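Read in order, the letters of the sequence shown are residues 4 to 1050 in our numbering. Shown next, in structure tokens, is the structure this report addresses.
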Amino acid sequence: MIPRRFSKIDSNNGAERIPLCETNHAGLALYEDEYNTQGQKIGQMLRSLSLYQSAPQEDVEANSQAAPKQPVKMGTLMGVYFPCMQNIFGVLFFIRLAWIVGAAGIVESLGVVLLCCSVTFLTSISLSAIATNGVVPGGGPYYMISRNLGPELGGAIGILFYMGNTVAGAMYITGGVEILLVYLCPQLKLFDSMFNNFRVFGSILLLCIGLVVIAGVKVVNKFALPALVMVLSCIACTFIGEFWKFNGTDTLQYCMVGDRPVNLVSFSEKFQYSPDCSIEGLKPAFCQNSSSCDPYFQHVLKTNPLSIGSRRAITGFSSSAWKDNLWPKYREKGTVLTKGNHETEPEAKKGSFWIFEDTTTSFMVLVGVYFPSVTGIMAGSNRSGNLRDAAISIPWGTIGAQLTTSLAYIFGTAFFGMTVSEMFIRDKFGESAMGKMIVAELAVPVPIVILIGCLASTVGAGMQSLTGAPRILQAIASDEVIPSLRHFKTTDKRGEPLIAIVVTLIVCEVGILIAVLESLTALITEFLLMCYFGVNLSCAIQSLMKAPGWRPTFKYYHWALSFSGALLCLAIMFISSWQFAILAILMGIAVYKYIEYQGAEKEWGDGLKGLKLSAARYALLSVDQRHEQHSRNWRPQLLVLYPNKSFFSGKGDNEVGEKLLGFVSQLKAGKGLTMVAECIEGDYVKKTDEITIERERLMDKLSTYKIKGFSEVLVNDNYNAGINCLVQTSGLGGLRHNSVCICWPDVWSETKSWEEAHRFVSAIRTIAASKCAILVPKGIKNFPKSNEKLGGTVDVWWIVHDGGLLMLLPFLLRKHRTWKNTTLRLFTIAHIDENSTQMKEDLEKFLYHLRIEGQVFVIDMPESDISEYTYEKTLKMEERVKFLREMKARERRDSPATMDEVVLERRFSRIERKQSNTSNKLESPIRSVQSPPGCVDIDETQELPAGIHNKVRFSENSIEIEKQDKIPTTPPTPGTYNVRKMHTAVKLNDLMKDRSKDAQLIVVNLPGPPEKDRDNYYMEFLDTLTDGLNRVLLVRGTGTEVVTIYS
4 MIPRRFSKID SNNGAERIPL CETNHAGLAL YEDEYNTQGQ KIGQMLRSLS
54 LYQSAPQEDV EANSQAAPKQ PVKMGTLMGV YFPCMQNIFG VLFFIRLAWI
104 VGAAGIVESL GVVLLCCSVT FLTSISLSAI ATNGVVPGGG PYYMISRNLG
154 PELGGAIGIL FYMGNTVAGA MYITGGVEIL LVYLCPQLKL FDSMFNNFRV
204 FGSILLLCIG LVVIAGVKVV NKFALPALVM VLSCIACTFI GEFWKFNGTD
254 TLQYCMVGDR PVNLVSFSEK FQYSPDCSIE GLKPAFCQNS SSCDPYFQHV
304 LKTNPLSIGS RRAITGFSSS AWKDNLWPKY REKGTVLTKG NHETEPEAKK
354 GSFWIFEDTT TSFMVLVGVY FPSVTGIMAG SNRSGNLRDA AISIPWGTIG
404 AQLTTSLAYI FGTAFFGMTV SEMFIRDKFG ESAMGKMIVA ELAVPVPIVI
454 LIGCLASTVG AGMQSLTGAP RILQAIASDE VIPSLRHFKT TDKRGEPLIA
504 IVVTLIVCEV GILIAVLESL TALITEFLLM CYFGVNLSCA IQSLMKAPGW
554 RPTFKYYHWA LSFSGALLCL AIMFISSWQF AILAILMGIA VYKYIEYQGA
604 EKEWGDGLKG LKLSAARYAL LSVDQRHEQH SRNWRPQLLV LYPNKSFFSG
654 KGDNEVGEKL LGFVSQLKAG KGLTMVAECI EGDYVKKTDE ITIERERLMD
704 KLSTYKIKGF SEVLVNDNYN AGINCLVQTS GLGGLRHNSV CICWPDVWSE
754 TKSWEEAHRF VSAIRTIAAS KCAILVPKGI KNFPKSNEKL GGTVDVWWIV
804 HDGGLLMLLP FLLRKHRTWK NTTLRLFTIA HIDENSTQMK EDLEKFLYHL
854 RIEGQVFVID MPESDISEYT YEKTLKMEER VKFLREMKAR ERRDSPATMD
904 EVVLERRFSR IERKQSNTSN KLESPIRSVQ SPPGCVDIDE TQELPAGIHN
954 KVRFSENSIE IEKQDKIPTT PPTPGTYNVR KMHTAVKLND LMKDRSKDAQ
1004 LIVVNLPGPP EKDRDNYYME FLDTLTDGLN RVLLVRGTGT EVVTIYS
């Protein structure tokens, strides 16, 4: 028995049965073509996803063959939380936070902390949303910003973020040197100027760190965990020590003279011993002899000698130090540090042993100094590819680290103000206590342990910054958005970007040479705030756009929070240091413009493009398309019908198209919409590749001629039908063309072909029916290039007022540098019943109110007899047209499918033999022209025999075709009609050649399109009208006013 699966005949209907799937075909037959062309199987797609290694999507397929070793996956604590804390906690907590509290007071210093922490908190929320909207490969924040804000803005902010991380490395190294030379080993100083010491020792330390960084990320990571343990231990010991020393301690005292602390460090360096903080012990510092002492020291000796002596530096929570440290005490750079009023006290001389402010302090300045201490929230997003579950780890790890460090900073700020003496907390370097660090003295068990831990953690943080910064530069270079950086994407065998590391170390050295920690922190603040601004703006835009691709798994975000974070970033940038803010913005603009004009084009589906689309949609919907545009807002919205070289300019000749685009670019001073469209005959399915190439070519030409607009290519079986579609459907909503520019067909001027005439006139007829203005440049090859400059005149021959377009176009042309030096002349015709003098006065007044400068000429053109030349030219034209029609009819005579067309062709090819003498006083000399031999004229008005009524038979074997019941009425007598038209064309042409032969451009009214089957006549009239003229622009308005005299 044959198995059922292979049975040939179905028992029900006898139909042959074929199995659905053979064993050697794994796919579904219905979708085999899709598998092989534009798709892949679901299983294949899933296997490619399983090989994802934090690489961009375009690199996945290339790497899918070799499955790399999977990295060790980390959880939330080790992958995000602790790295973020290590990057946030840094040198500023140990060496600057207490001084900020002393300068700003507890109240305003808490304001500084809360303001900066608010920015990082809002940025953390935005970062969490973006980071969970897909996997973030190398580059971290740069990748997120560039993919959401575009390559230009992403590249600019990425460079600033790189600079921020690099300069942060310089800040950490400088801070580490300060800890070493001020608090640990003061005897190592080589120069009296501390800044020179920072430069020398900082460079040496940078060299050591650079060697470790070059050794590789594996070596750097070995320092990461010990450094993290040290920094967390130091901070924990500080808080424990504050409570341990609740009632204060006498182990640390500082020296005061009245209201001023004494610089014991300078004293010991000069006299080589540590002085006793007493009157006798300090006299060598302030009194050169018994009769010459420092004014303030002498004043204190006389008024209050008991105020000279040592005082407690750490008073503890039980003291009233919080009252003294509650409010700000901002000072200018160079003023003496005092509890009293320095303006009323005796002046302190420079070089004396008082302590002087080394920087100007204010709320804004301190924000810039403090802000780098809250940065580092990006550390987790940089490791997204190595996380076990990035969608959970990044949001909660980042926000958790930010909240933890924010609480530590808030409590640290308040506790420093409540436990440290007022004057000592204002002493930045602890010089009044022989260079003691407040944090080290507060902590337990002993200060030296804290100092060593602070130094190690600071150096570790600098190492992490100098390790991450080159990889940001490498990510930017790998995207090739900045061509000049492409060399930095190369790596060695270990995957280390050596070139980027070397450049980063050089930039870091420049930061170390600045040496002023406050300047470094201000510069870092601007760079990082630009990065945070980009992250917040990205999230805000994506949230507002609600694009289908915006699907973050972190749900606790809102566009208002992100937008507030972006505004805060901008505000803090200018609050902290407007000079550095402008510098950072100028750097960003420079990089942005460089990428825009020189960078490689990238399409990443960024949010800015979505924003532009939404803005365009809103603008389009707001434009009312039901009402006509007011003349004050009217401007030429051009649809440029790019000449098909086969029809308009001859095969292989691109000069016509080039000159047409040049003319359009000169006309676009009106700043309206421009759409350049080309129609190609053929089959759309077979010409898709050609369309793409042609569209790109048109876009390149628009860019070359600096035309702001769009290009389109349409394919249709018939050229005229294609032009019909373009004229009717181009544009969108209220933003559509109101003017169409089409070239005069030079091919017709050579061949006088009926097809060419019909093609051109059909386009004119379609444009007129769509209520659009028509611009026909004739002699386009003679039009100037955009880099030429013309003098002379632009002559307007104003025959018909159809909206004032003839006046507006020369005005717009003269805005371009090519036509700027030309002058306008206006010519018009006065008929017999019109006063030419009054017309000229009225036209001059009209031009004055239009605010258009020009000369006015009114020409009297009385009725005159029609010349023999006009009759002869008309006769030749009619004979030529009739001959062309008969030839075309003869070619189609044998085709049954076109017999009814032949009937109509013959009907309209006849020239009336009977002229109407009653309608013309002048007897027409045009003689009847007989049909060529072999052609039979058919009189449709003749009665037909019975039985064949309304039918035509061309031969015995042909089919019978029913005639239309209603035959189109023939136009007036062709001879009379054509003679009068030709007479007008000849007379106007003579006038224009006489008055405007030297004009750079002649603008004249374009006559309306003719009735059907008079296309060749129309072309002859236009050719006669413009005969012998160099450059002519034929213009036909719509009748709607486009200029107004009112404001």
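In this text, a Cβ means the ideal position worked out from N, Cα and C, and glycines have one as well. Predicted, not measured: the structure shown is a model, and the values here were computed from it.
Query, Result
"Is G105 near I428, with beta carbons less than 8 Å apart?", "yes"
"Could you name each continuous alpha helix (DSSP H) segment of 4 residues or more that falls completely within the region 509 to 550, going from the start of the chain to the end?", "520 to 548"
"Taking C-beta to C-beta, are Y722 and A680 nearer than 8 Å?", "no"
"How big is the Cα-Cα spacing for M1022 and V764?", "8 Å"
"State the CB to CB distance for the pair L1004 and L1036, rounded to an integer number of angstroms; the pair is presumed to be in contact (CB under 8 Å).", "6 Å"
"I'd like to confirm the pairing. Which residues does DSSP put opposite A776 in its beta bridges?", "S742"
"Okay, do the region 816 to 825 and the region 659 to 673 touch, 3+ Cβ pairs below 8 Å being the bar?", "yes"
"Going by Cα to Cα distance, which pick from E844, E111, A1002 is closest to T416?", "E111"
"Assign R150 to buried or exposed, taking buried as 16 or more other Cβ atoms, counted over all protein chains shown, within 10 Å of its Cβ.", "buried"
"Just list the alpha helix (DSSP H) runs in the region 258 to 300, keeping only unbroken ones of 4 residues or longer that don't cross its boundaries, in chain order.", "267 to 274, 282 to 289"
"With DSSP collapsed to three states, give me the class of I951.", "Bear in mind that a pLDDT of 38 at I951, under 50, signals an unreliable position, so the model cannot answer this."
"With distances taken from CA atoms, which of L735, A724, N719 is nearest F713?", "L735"
"If I'm right that L532 touches I485 with Cβ under 8 Å, what's the distance once you round it to whole angstroms?", "So it is not a contact: roughly 22 Å between Cβ atoms."
"Helix, strand or coil: how does DSSP classify M440 here?", "coil"
"Check for me: the beta strand (DSSP E) holding S313 runs from which residue to which?", "311 to 317"
"Would you call the region 788 to 801 and the region 822 to 841 touching, i.e. three or more CB-CB distances under 8 Å?", "yes"
"What runs of the alpha helix (DSSP H), each 4 residues or longer, lie entirely inside the region 709 to 737?", "722 to 732"
"DSSP three-state call for Q640: helix, strand or coil?", "coil"
"At 3 residues or longer, what runs of the beta strand (DSSP E) sit wholly inside the region 812 to 861?", "826 to 833"
"Would you mind stating whether L369 and A107 have Cβ atoms separated by less than 8 Å?", "yes"
"Return the chain-ordered list of same chain residues with a C-beta closer than 6 Å to the C-beta of F911, the five sequence neighbours on each side being excluded.", "In this prediction, F911 scores a pLDDT of 41, lower than 50, which makes its location untrustworthy; the coordinate-derived value is nonetheless stated afterwards. D1016, listed in sequence order."
"With distance defined between alpha-carbon atoms, name the residue in S579, Q841, Y708 nearest to F366.", "S579"
"Which residue comes first and which comes last in the beta strand (DSSP E) that contains C188?", "Looking at the DSSP string, C188 is not in any beta strand (DSSP E), and its letter there is neither H nor E."
"Below 8 Å CB to CB, which residues in the same chain sit around E434 once its five sequence neighbours on both sides are set aside?", "P264, N266, L267, V268, S269, I358"
"Below 8 Å on the Cβ atoms is my contact criterion, and I expect Q1 with N90 to pass it. Report the Cβ-Cβ distance as a whole number of Å.", "In the structure as shown, the chain starts at 4 and stops at 1050, and residue 1 therefore has no counterpart that could be examined."
"Between I182, I133, E360, which has its C-alpha nearest P398's C-alpha?", "I133"
"Between which two residues does the beta strand (DSSP E) harbouring I1005 extend?", "1004 to 1008"
"Are there three or more Cβ pairs, one per stretch, closer than 8 Å when the region 369 to 381 is compared with the region 88 to 102?", "yes"
"So, is the C-beta of L616 closer than 8 Å to a C-beta in chain B?", "No chain B appears in this structure, which consists of one protein chain only."
"Would you mind working out which of E499, V506, A351 sits nearest V223, comparing C-alpha positions?", "E499"
"Residues bridged to M77 by DSSP?", "L390"
"Given that a residue counts as buried once 16 or more other Cβ atoms are within 10 Å of its Cβ, and exposed if not, what is L309?", "exposed"
"Could you check how far apart the C-beta atoms of M995 and L1025 are, in whole angstroms? I think they sit under 8 Å.", "About 13 Å; that fails the 8 Å criterion."
"Within 8 Å, do at least three Cβ pairs link the region 458 to 467 to the region 233 to 247?", "yes"
"Tell me the DSSP secondary structure of L255 in three-state form.", "strand"
"Mapping DSSP to helix, strand and coil, what is E483?", "coil"
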